[in-house]
Ligand code: BTN
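Numbering (the numbering used here), first residue to last: 21 to 289.
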């Protein structure tokens, strides 16, 4: 990948300026800084390698050179988006990747709430939406997406908290990263237009992994909640059916299938 080939691949899409970096700490940091310095909506940062890529809950995200896609979109929320919470933007990334892999690469994808994209139950991509504020003014909103393309992008098994797979392994053939980039960027633009809609929520819910199964949701400083995964409420929170017949909604947390795999760490790379 290089600046020119990326610009050519993304030509024609209604994106902002594009910045390619051979190596960076985290594309999310580069994009946060760029947005704070005045970059316009849908500015894009792409890196070949991240030396301190991060995932949710402070976990490290593995991005070795030549093997993965690390993309961050800088967003300036429009009027219809200002009331939306950060998880809705996380869902935008997950839905865009899931749809892209399904429609462009014929992969059966699902979304492990809130932010993982799975192929046949294995994590192929993760999404990290982050924001920065100055007082109550939003200065930057970033949608960071990491996708395992070549097998080398999947961390060693002892560093995985959840089974992971590379797109090339799932497809059984090499995949040009620029094809994936173009397809995902197209879907980000498409779904963003509908981000506040019922259609968006329905599409997100339709892709939920483990629906109907018993799951356990763990969040820092909170008691784990176990129940049957019913779906999403209007805000995109998870609806769980408890064994006593009650229904609860869960806004944050990591989802585990029961019985719980207690391992933690990077769930992909
Ligand atoms: C997760 O699964 O916990 C989320 C992983 C998000 C990784 C992407 S790679 C591009 C962007 N830059 C980062 O440092 N993280 C995100």
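In this text, a Cβ means the ideal position worked out from N, Cα and C, and glycines have one as well. These numbers come from a predicted model, not from an experiment.
Under the rule that 16 or more other beta-carbon atoms within 10 Å means buried, what is residue i, buried or exposed?
i           : result
residue 194 : exposed
residue 22  : exposed
residue 24  : exposed
residue 99  : exposed
residue 123 : exposed
residue 55  : buried
residue 139 : buried
residue 227 : buried
residue 127 : buried
residue 168 : buried
residue 31  : exposed
residue 153 : exposed
residue 212 : buried
residue 74  : buried
residue 264 : exposed
residue 67  : buried
residue 256 : buried
So, using beta-carbon positions, are residue i and residue j closer together than 8 Å?
i           : j           : result
residue 63  : residue 37  : yes
residue 200 : residue 191 : no
residue 93  : residue 163 : yes
residue 119 : residue 207 : yes
residue 115 : residue 151 : no
residue 103 : residue 70  : no
residue 65  : residue 43  : no
residue 254 : residue 221 : yes
residue 137 : residue 185 : no
residue 112 : residue 61  : no
residue 246 : residue 231 : no
residue 252 : residue 224 : yes
residue 133 : residue 258 : yes
Who pairs with residue i in a beta bridge, going by DSSP?
i           : result
residue 157 : 154
residue 149 : 163
residue 125 : Answer by DSSP bridge pairing: none, since residue 125 is not bridged.
residue 246 : 236
residue 74  : 80
residue 274 : 238
residue 169 : The partner list for residue 169 (beta bridge, DSSP) is empty, contrary to what the question assumes.
residue 130 : 138
residue 269 : 259
residue 66  : 40 and 91
If residue i and residue j are in contact, beta carbons under 8 Å, what's the gap, nearest whole angstrom?
i           : j           : result
residue 90  : residue 47  : 5 Å
residue 131 : residue 229 : 6 Å
residue 298 : residue 50  : Residue 298 cannot be examined here, being either before or after the span of the chain that is shown, 21 to 289.
residue 272 : residue 260 : Not confirmed; about 13 Å, so no contact.
residue 215 : residue 108 : 6 Å
residue 160 : residue 52  : 5 Å
residue 88  : residue 166 : 6 Å
residue 148 : residue 135 : 7 Å
residue 234 : residue 248 : 6 Å
residue 204 : residue 117 : 6 Å
residue 142 : residue 85  : Contact flag wrong, Cβ pair sits at about 23 Å.
residue 171 : residue 189 : 6 Å
residue 26  : residue 198 : 7 Å
Ends of the beta strand (DSSP E) at residue i?
i           : result
residue 138 : 136-139
residue 260 : 258-261
residue 88  : 88-95
residue 180 : Neither: residue 180 is in no beta strand (DSSP E) and is coded neither H nor E.
residue 41  : 38-44
Could you pull the start and end residues of the alpha helix (DSSP H) that residue i belongs to?
i           : result
residue 24  : 23-30
residue 203 : 197-212
residue 49  : 47-56
residue 221 : 218-226
residue 188 : 187-191
Would you check whether the ligand ADP has a heavy atom nearer than 7 Å to the C-beta of residue i?
i           : result
residue 253 : Summarising the ligand content, the structure contains the ligand BTN and does not contain the ligand ADP.
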